[in-house]
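J.: Just remember that my numbering sits 1 ahead of the position in the sequence shown, which is counted from 1. One structure, as structure tokens, below. Some questions next.
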Amino acid sequence: MSKRVWATLVGNFPTSHLYFPSLSQVNGYLHWVTVFYSFFELSIQPTGYQLSAIDSLRYKLLA
């Protein structure tokens with residue numbers, strides 16, 4: 002990926018210092034995505050099957 006394209010994608014950061022997220026930041030982002038996704042799914046279809054599917058997905062991502 003060229004620097005210009007990357008700088009355009011992360012336009013909030015100064016282009017003189019290209020920002021690459023660390024692994025811990027990516028893991029934190031995935032954690033909050035799964036948390037909000039689980040609340041979203043539970044509010045739409047609160048069934049035991051749906052809950053178990055979400056929990057297994059969350060544990061796979063956060064393992």
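Every residue, glycine too, gets a C-beta built ideally from N, C-alpha and C.
Given a cut-off of 8 Å on the beta-carbon distance, is the pair Leu-31 and Leu-62 in contact?
T.: yes
J.: Please classify Ser-23: does DSSP put it in a helix, a strand, or coil?
T.: If DSSP states are grouped into helix, strand and coil, Ser-23 belongs with coil.
J.: How big is the Cα-Cα spacing for Gln-26 and Phe-41?
T.: 22 Å
J.: Once you ignore the five residues that flank Arg-59 on each side, which residues in its own chain have a CB closer than 7 Å to its CB?
T.: Thr-35 and Ser-39
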